[in-house]
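Enquirer: Keeping their order, the protein sequence lines are chains G and V. Those letters in the first sequence? Residues 10 to 144, by my numbering. Those letters in the second sequence? Residues 10 to 144, by my numbering. Virtual Cβ for every residue (Gly too), placed ideally from N, Cα, C. If you scroll down you'll find the structure; I have some questions about it.
There are 2 protein chains.
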Amino acid sequence: MNKKVEIIKALGDETRLRILNLFIRWGKNLCVCELVDSLKMPQYHISKHINILRSAGFFNSEREGTWIYYNLNNSDSSNKELFNFLKRYLNEEQFEADYELLKQRLLLREEGKCVVGFIPEKDLLKKIQMKTEEV
Amino acid sequence: MNKKVEIIKALGDETRLRILNLFIRWGKNLCVCELVDSLKMPQYHISKHINILRSAGFFNSEREGTWIYYNLNNSDSSNKELFNFLKRYLNEEQFEADYELLKQRLLLREEGKCVVGFIPEKDLLKKIQMKTEEV
DNA sequence: TGTTTGTATGCAAATATTGGCATATTAGAA
DNA sequence: TTCTAATATGCCAATATTTGCATACAAACA
């Protein structure tokens with residue numbers, strides 16, 4: 010199938026658009042557990058959709074210990090155009106709310122690295138609060 | 010489902026992208042038989058995909074006798090942004106070739122209106138040639 | 001009214017996608 | 001080497017999509 014068709018097809022799923030939205034807004038690398046917590050979805054679900062997005066050429070990945078960081082693949086100029094478009098287009102509440110939660114979750118990073126795995130939904134906000142109160 | 014997700018999902022099909030490509034490049038109304046001839050697909054196939062695109066809010070339609078003309082719905086500004094993006098993004102050979110054939114097919118219009126139904130593939134180019142040689 | 005023409009649609013088979021569970025893989029730590 | 005943690009994947013059932021055919025519909029015209 011035509012490559013661009015394949016790419017646009019890969020976009021056509023709510024979970025995948027929510028994942029991409031986080032990468033596009035954040036602009037830097039993210040690991041799976043940060044996505045799991047931000048989107049409140051099972052890990053296997055996120056992993057599978059990331060895999061589909063990766064096959065479509067959206068991501069680079071890089072392992073650091075047991076963590077794997079994904080990053081948008083901006084080396085292709087038509088990808089870059091696509092991301093720019095989506096950044097403006099995905100302006101609905103859901104996408105904004107997802108990013109707000111991601112930003113909270115990123116407070117748990119230390120020296121720019123994820124240092125916790127995924128956190129049961131009920132503990133997440135408490136944990137973030139404790140963390141930000143540490144001095 | 011989220012409206013924008015639904016819209017992007019509707020894009021995720023080769024036939025539908027090819028149809029949209031023709032509208033976006035041409036910028037004016039088109040009838041089903043012009044699409045059938047340009048994309049060389051069965052009429053029911055085109056009609057069904059147009060229906061999906063219409064449900065996603067991409068088209069207005071207008072009947073003139075037995076012909077039905079479709080037109081891009083530009084009244085929504087986020088649609089307009091999407092079309093602008095696609096105009097640049099759908100730059101592959103297939104999309105250009107489709108538009109070249111459409112332009113040929115449009116030579117059969119008279120006073121801006123489609124006056125023939127769909128034409129067997131083998132006769133199309135001959136018919137266009139005859140038409141353009143008239144006077 | 002009957003026929004033709006452009007377009008739409010109901011139905012069923014073929015195919016593809018999604019979501020859930022269990023389990024595999026990989027690397028670090030004990 | 002064994003355990004744990006982060007991530008990936010194989011398998012299956014459920015669901016959705018696509019395609020093809022036949023046919024319906026609506027307007028024009030004889």
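Going along chain V in order, which residues have a C-beta closer than 9 Å to the C-beta of G/K57?
Expert: The residue given as residue 57 of chain G occupies position 48 in the first sequence. Chain V residues near G/K57: none, gap ~17 Å exceeds 9 Å.
Enquirer: Please list, in chain order, the chain G residues whose beta carbon lies closer than 7 Å to that of V/K140.
Expert: Counting from 1 along the second sequence, the entry for residue 140 of chain V is found at position 131. Those do not exist, as V/K140 stays about 31 Å from chain G at its closest Cβ, beyond 7 Å.
Enquirer: Name the chain V residues whose beta carbon is nearer than 7 Å to that of G/Q103?
Expert: The residue you call residue 103 of chain G lines up with position 94 of the first sequence. Near G/Q103 (Cβ distances below 7 Å), the residues of chain V are N11.
Enquirer: Can you check DSSP and say which residues form a bridge with G/W76?
Expert: Your numbering for residue 76 of chain G matches position 67 in the first sequence. G/W76 is bridged to G/E73.
Enquirer: Run down chain V in chain order and give the residues with a C-beta less than 9 Å from the C-beta of G/S87.
Expert: By one-based count along the first sequence, residue 87 of chain G stands at place 78. Those are R97, Y98, N100, listed as they occur along chain V.
Enquirer: Is it right to say V/H54 is buried, meaning 16 or more other beta carbons lie within 10 angstroms of its own, or is it exposed?
Expert: As a working mapping, residue 54 of chain V is identified with position 45 in the second sequence. So V/H54 ends up on the exposed side.
Enquirer: Which first and last residues belong to the alpha helix (DSSP H) in which G/V45 is found?
Expert: The sequence position of residue 45 of chain G within the first sequence is 36, counting from 1. Here the alpha helix (DSSP H) through G/V45 covers 41-48.
Enquirer: I need the boundaries of the alpha helix (DSSP H) containing V/R118, first residue and last residue.
Expert: As a position in the second sequence, residue 118 of chain V is number 109, starting the count at 1. Per DSSP, V/R118 belongs to no alpha helix (DSSP H) and is neither H nor E.
Enquirer: Compare the C-alpha of G/M139 against each of G/K18, G/K37, G/L116, G/E130 and name the closest.
Expert: As a position in the first sequence, residue 139 of chain G is number 130, starting the count at 1. Measuring from the Cα of G/M139, the nearest candidate turns out to be G/L116.
Enquirer: Just curious, the alpha helix (DSSP H) that G/S56 is in, first and last residue?
Expert: The residue labelled residue 56 of chain G in the question sits at position 47 within the first sequence. Segment 52-64, the alpha helix (DSSP H) holding G/S56.
Enquirer: Could you list which residues in chain G have their beta carbon closer than 9 Å to that of V/F32, in chain order?
Expert: The residue labelled residue 32 of chain V in the question sits at position 23 within the second sequence. Under the 9 Å cutoff, chain G gives no residues; its nearest Cβ is about 16 Å from V/F32.
Enquirer: So is G/K131 in contact with chain V if we call contact Cβ pairs under 7 Å?
Expert: For the purposes of this step, residue 131 of chain G is taken as residue 122 along the first sequence, with counting starting at 1. So no, G/K131 is outside the interface.
Enquirer: Compute the beta-carbon to beta-carbon distance between G/D22 and G/I128, rounded to the nearest angstrom, for a pair I have assumed lies under 8 Å.
Expert: Here the question's residue 22 of chain G lines up with position 13 in the first sequence. Here the question's residue 128 of chain G lines up with position 119 in the first sequence. Incorrect: roughly 25 Å between the Cβ atoms, too far for contact.
Enquirer: Report all residues from its chain with a CB closer than 6 Å to the CB of G/S27; omit the five preceding and five following residues, and keep chain order.
Expert: The count along the first sequence starts at 1 and reaches residue 27 of chain G at position 18. Rather than Ser, the amino acid found at residue 27 of chain G in this sequence is Arg. So the qualifying residues of the chain are L48, D107.
Enquirer: Give the C-beta separation of G/E101 and V/K13 to the nearest angstrom, bearing in mind that I take them to be a contact with Cβ-Cβ under 8 Å.
Expert: Sequence index remark: in the first sequence, residue 101 of chain G carries index 92 (1-based). Sequence index remark: in the second sequence, residue 13 of chain V carries index 4 (1-based). Contact between G/E101 and V/K13 is confirmed by a C-beta separation of about 6 Å, below the 8 Å threshold.
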